[in-house]
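Here the sequence shown stands for residues 12 to 462, where the numbers follow this note's numbering. Structure, as structure tokens:
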Amino acid sequence: MRHVRGRARVVRRVTRLAAAGGLLLGGAMVTQAAMASEPPRASAPPPASARPFTSAGTAAETGAADTGTDLVARLGTGRTAGSWIGADGRPVVAVTDARAAREVRRAGATAKVVGHSMRQLRSATATLRAAPRVAGTAWAVDYRGNQVVVRGDSTVSAADWSRLRQVAADIGGFVHMERTRGTFTTRLDGAQPILSTGGRCSAGFNVTDGQRDFILTAGHCGPAGSVWFADDRRGRPLGTTVSSSFPGGGDFSLVRYDAGRAGDGADVVAIGDGKGVRITGAGDAAVGQRVFRSGSTSGLHDGQVTALDATVNYPEGTVSGLIETNVCAEPGDSGGPLFSGGLALGVTSGGNGDCTTGGTTFFQPVNRAMTALGVRLIVPAPAAGGGALNAAPVPGSSRGRTLLAELTDTRNVGPGLLVIVGSLLALVATRYIRAEQDRRTYRRYYSATWG
12 MRHVRGRARV VRRVTRLAAA GGLLLGGAMV TQAAMASEPP RASAPPPASA RPFTSAGTAA
72 ETGAADTGTD LVARLGTGRT AGSWIGADGR PVVAVTDARA AREVRRAGAT AKVVGHSMRQ
132 LRSATATLRA APRVAGTAWA VDYRGNQVVV RGDSTVSAAD WSRLRQVAAD IGGFVHMERT
192 RGTFTTRLDG AQPILSTGGR CSAGFNVTDG QRDFILTAGH CGPAGSVWFA DDRRGRPLGT
252 TVSSSFPGGG DFSLVRYDAG RAGDGADVVA IGDGKGVRIT GAGDAAVGQR VFRSGSTSGL
312 HDGQVTALDA TVNYPEGTVS GLIETNVCAE PGDSGGPLFS GGLALGVTSG GNGDCTTGGT
372 TFFQPVNRAM TALGVRLIVP APAAGGGALN AAPVPGSSRG RTLLAELTDT RNVGPGLLVI
432 VGSLLALVAT RYIRAEQDRR TYRRYYSATW G
């Protein structure tokens, strides 16, 4: 009998705990619902200090990048030579004198004393740009190595490489020459596929000018007037390129939606398997930062930013101001998004190698492209958080949300109230059951003593 009563007490306690938990959950749901955001709409990116970061390490990396950038701007290009995110996640700033090093350390960053300032490094890249153009070459400033790295792919002849090597020698010993495998090409032929008569690319990010919505993608995907479709049979018209830059000033273009609007999920980029990442703002890449790239050919891949302000001499022409990374890409990935957490960083331009052997891939910075085009990202307001990659189902996908996600949806006031009412009823029922059991125990005890 004592055993039965003990089990009853346990059941009552568990029931009370569950009911109390239900009250807390229901209250949270109703409170959050009262503060729920509007559906995604076009808005200006939030300030850096207010942007949410959802990938592991993203917040720390962005803070480190901001600190390093601020220090470089304050000390100037004559006393610094760039900044990057160190292996420990702290900002590292290259400086040319001991006084600058002390200022960097006082700001909480790591100082590395180097022999060449950013002014000298940029002078070297300017000299390289002024030399006769050699298709199949690329160069960028290596902040960590305090040098300019010039690469030549397999298409560069021995004679052209020799002439470029002489230019480098005249600049100084801090220009490093190296051969690379494969060829530097655009990735024409994100990350959803978009197709035209000129080839196949990947959608980058959805943007707006306040009146109409557009796809921001690579400029080499097609000139103004190119017509795009969502399928290879041309049965689903998508839009038309209305502005394009390639080569020269950049590698970006705008595809205007035929429908005028991007539709549901305009703030989500596809990463494969019916999933996507919600984009909450735009940022500037930092050397050493972990980044992700998605494309319609090779899907999702990650790596690090290895250099900024890179120049690539494609067969079609020269493009400067690009982000250099060690993330792989393949034909058809052109225009696909580069991001870190929920921050848009760039769109895929080109590179060498593939996702089997690896390689170098270059990206058009998204902020520069949007400034030139007079558009802004379509993002949720306020920005939503979640997951290691801020994952969200792609609209139209069969992969819906879990039951827990549905129950804790901040917009569901009704379910929250139902949880509260149910929990209250459970508490009342528990108290009634306990009182009834006590009465029965009382009667059994006294009936036995009376007999």
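No residue lacks a Cβ here, since even glycine has one placed at the ideal position from N, Cα and C. All values derive from a computational prediction rather than experimental measurement.
Residue i by DSSP, collapsed to three states: which one?
i, result
"E72", "helix"
"S173", "helix"
"R62", "Confidence at R62 is low in this model, with a pLDDT of 34, below 50, so the placement of that residue is unreliable and no value is reported for it."
"G79", "helix"
"Y375", "Here residue 375 turns out to be Gln, not Tyr, going by the sequence shown. Q375 falls in the strand class under three-state DSSP."
"V186", "strand"
"R130", "helix"
"T138", "helix"
"A321", "strand"
"A459", "Low per-residue confidence applies at A459: pLDDT is 42, beneath 50, and the placement is therefore not dependable enough to give any value."
"A149", "strand"
"G362", "strand"
"G369", "strand"
"V106", "strand"
"A180", "helix"
"R162", "strand"
"T88", "coil"
"G328", "strand"
"G93", "strand"
"G230", "helix"
"S168", "coil"
"G259", "strand"
"G396", "Confidence at G396 is low in this model, with a pLDDT of 46, below 50, so the placement of that residue should be treated as unreliable; the coordinate-derived value is given next. Looking at G396 - three-state DSSP - the assignment turns out to be coil, as it is neither helix nor strand."
Here's the rule: buried if 16 or more other CB atoms are within 10 angstroms of the residue's CB, otherwise exposed. What is residue i?
i, result
"R85", "exposed"
"Q158", "buried"
"T73", "buried"
"A169", "exposed"
"P258", "buried"
"Q300", "buried"
"T42", "Any reading at T42 must be qualified, since the residue scores a pLDDT of 47, below 50, and its modelled position is unreliable; no value is offered."
"A137", "exposed"
"A321", "buried"
"T196", "buried"
"D153", "buried"
"S256", "buried"
"P143", "exposed"
"T191", "buried"
"T371", "buried"
"G385", "exposed"
"S165", "exposed"
"E189", "exposed"
"G362", "buried"
Contact defined as beta carbons within less than 8 Å: I believe residue i pairs with residue j. What is the distance between those atoms, to the nearest angstrom?
i, j, result
"T148", "R162", "7 Å"
"V178", "L139", "7 Å"
"G332", "S307", "At roughly 25 Å, the Cβ-Cβ gap does not stay under 8 Å, so G332 and S307 are not in contact."
"A75", "G93", "Rounded, the Cβ-Cβ distance is 13 Å, inconsistent with contact."
"V160", "A151", "6 Å"
"P219", "S264", "First, the amino acid is wrong: residue 219 is Thr here, not Pro. Not confirmed; about 15 Å, so no contact."
"T251", "R272", "Not quite, the Cβ-Cβ distance comes to about 15 Å (not below 8 Å), so this is no contact."
"G184", "V288", "Contact flag wrong, Cβ pair sits at about 43 Å."
"G209", "S237", "6 Å"
"I290", "F216", "6 Å"
"S305", "A340", "About 10 Å separates the two Cβ atoms, so there is no contact after all."
"R101", "A118", "Wrong, their Cβ atoms sit about 11 Å apart, outside the cutoff."
Based on DSSP bridge pairs, tell me the residues matched to residue i.
i, result
"V279", "R289"
"S305", "L311"
"S213", "P204"
"Y268", "G250"
"T382", "According to DSSP, T382 bridges with nothing at all."
"P348", "V358"
"A122", "V104"
Tell me which residue opens and which closes the beta strand (DSSP E) that residue i is part of.
i, result
"V338", "That residue, V338, is in no beta strand (DSSP E); it is neither H nor E in DSSP."
"Q222", "It is not in any beta strand (DSSP E) - Q222 carries neither H nor E in the DSSP assignment."
"F240", "V238 to F240"
"A297", "No beta strand (DSSP E) holds A297; DSSP gives it neither H nor E."
"T191", "Unbroken run through T191: none, as it is neither H nor E."
How far does the alpha helix (DSSP H) with residue i in it extend, from its first residue to its last?
i, result
"V115", "A109 to R117"
Taking 7 Å as the CB-CB cut-off, is residue i touching chain D?
i, result
"Q300", "You won't find chain D in this structure, because it holds only one protein chain."
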